[in-house]
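Sequential numbering of the sequence shown, starting at 6, is according to the numbering used here. For every residue, glycine included, the Cβ atom is placed at its ideal position computed from N, Cα and C.
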Amino acid sequence: PSGSGKTTLLNIIGCIDSATEGSVKVGDCEITSLSDRKITDIRLHKIGFIFQTFNLIPVLDTMENVEFPLLLMKKHSKSEIRKK
């Protein structure tokens with residue numbers, strides 16, 4: 006139902022928002038008291054999002070929008086990503 010907190014709950018689970026009460030775990034990690042840097046790292050490496058709206062970067066083409074988060078992870082070079 007509208008206004009029941011579905012989006013808020015998903016944003017908290019996805020580390021986009023923080024809870025004002027209680028605790029939140031991602032895997033075995035209690036994230037409630039972590040620094041923004043550590044939460045960003047968890048969001049980058051452990052959580053994937055599919056938004057209702059596209060949330061693409063307008064100045065990038067489709068391939069660049071797909072490559073961008075992979076480049077942020079710094080696990081593969083741009084040429085390796087392009088091959089995949």
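Proximity below 8 Å, CB of Ile36 to CB of Ile44: Within the sequence shown, the letter at position 31 stands for residue 36. Within the sequence shown, the letter at position 39 stands for residue 44. Result yes, Cβ atoms of Ile36 and Ile44 sit closer than 8 Å.
To which residues of the same chain is Glu69 closer than 8 Å at the C-beta, ignoring the five residues directly before and after it? Numbered from its first residue, the sequence shown carries residue 69 at position 64. Here the set comprises Ile62.
Suppose contacts are defined by Cβ-Cβ distances below 8 Å. Is Leu49 in contact with Leu77 by that definition? Position 44 of the sequence shown, counted from the first residue, corresponds to residue 49. Position 72 of the sequence shown, counted from the first residue, corresponds to residue 77. A distance below 8 Å separates the beta carbons of Leu49 and Leu77.
In angstroms with no decimal places, state the Cα-to-Cα distance between Ile21 and Glu85. Against the sequence shown, residue 21 aligns to sequence position 16. Against the sequence shown, residue 85 aligns to sequence position 80. Going by the C-alpha atoms only, they are around 29 Å apart.
Taking the C-alpha atoms as reference points, what is the distance between Gly53 and Ile18? The residue given as residue 53 occupies position 48 in the sequence shown. The residue given as residue 18 occupies position 13 in the sequence shown. Rounded to whole angstroms, Gly53 to Ile18 spans 11 Å at the Cα level.
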